[in-house]
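Presented below is the structure to which this report refers.
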Amino acid sequence: MQNLFLSLFLFASFSSSVFGDCTWPNSTDTANHWWQNPSSIFTIYSLTTTNEQSQQEYPIHLGAPLVAVLNATNTGPVISQLQEDIALAEWDPNNCKWNTLPTFGLLNNLNGCTNGIACPIPQGNQVLKVTIDFSKFQAIIGLLKNDAPYQLQITLTNKATGDKIVVTAQARAEIH
Ligand SMILES: *[C@@H]1O[C@H](CO)[C@@H](O)[C@H](O)[C@H]1NC(C)=O
Ligand SMILES: *[C@@H]1O[C@H](CO)[C@@H](O)[C@H](O)[C@H]1NC(C)=O
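So, in structure tokens, the structure goes:
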């Protein structure tokens, strides 16, 4: 009898780790999940995403331009030169981990001010829009599975001071 309970218990823990947490990490099946690395000069209070027509949609669509809308406070200097680096990962539900996808250097060392961010970024509390457009990178789009969890880690570097703003967002995404 004890063994039966033990087996049921083990089976229950096994199923929840395989079929529960592992399918959609951080409940990305129903909503996006994001966090910011600690920063003394820039704090993000909220992050939502819309399509180019300012409509909120979930799942997001990575094959079309995506707008991240941030409520943020810049307590550092005005930012007028911005480097943008984006790392993209896809979820592996079999091993319960994120795998970094190759981006062929297309998403590194971008000029943030000409790639979807309106510069300069003033001081103080503001709504900041960041447009992310993978549709021009078909080499990347071609690697993506439809309706799966993806993780984007965006690093913005103030070129004048070297300060970094790092945001990680996870979302369920459709491709087309
Ligand atoms: C879920 O989100 C937390 C931050 O809220 C993060 O530390 C953790 O790594 C995420 N889990 C996965 C599987 O991505
Ligand atoms: C950011 O969110 C806070 C708290 O909800 C709100 O008081 C503030 O007005 C928002 N800022 C902007 C620029 O919308």
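Using mature numbering (1 follows the signal peptide of the UniProt record, and there is no 0), the letters of the sequence shown correspond one by one to residues -20 to -1, 1 to 156. Don't be surprised by glycine CBs; every beta carbon is placed ideally from N, CA and C.
task = Drop a sphere of 10 angstroms on the beta-carbon of GLY142, count the other beta-carbons inside from all chains shown, and report buried for 16 or more, exposed for fewer.
result = exposed
task = Compute the distance between the beta-carbons of GLN132 and LEU50, then report whether it is under 9 Å.
result = Correcting the residue identity first, residue 132 is Leu in this sequence and not Gln. Contact flag unset, no.
ask   = Buried or exposed: ASN138, going by 16 or more other Cβ atoms within 10 Å of its Cβ?
value = buried
ask   = Going straight from the alpha carbon of ASN89 to that of GLN106, what length do you get?
value = 25 Å
inquiry  = Quick check on the burial criterion: 16 or more other C-beta atoms within 10 angstroms. Buried or exposed for PRO39?
reply    = buried
task = Please confirm whether any heavy atom of ligand 1 lies closer than 8 Å to the CB of residue 243.
result = Outside the modelled stretch of the chain, which goes from -20 to 156, sits residue 243, for which no answer is possible.
Three CB pairs or more closer than 8 Å across the region 142 to 156 and the region 1 to 20 = yes
ask   = If you measure from the CB of ASN51, is any heavy atom of ligand 2 nearer than 8 Å?
value = yes
ask   = I think ALA44 touches ASN31, with their Cβ atoms under 8 Å apart; what is that distance to the nearest whole Å?
value = 6 Å
query = Where ASN6 and HIS41 are concerned, what is the direct C-alpha to C-alpha distance, given to the nearest angstrom?
reply = 19 Å
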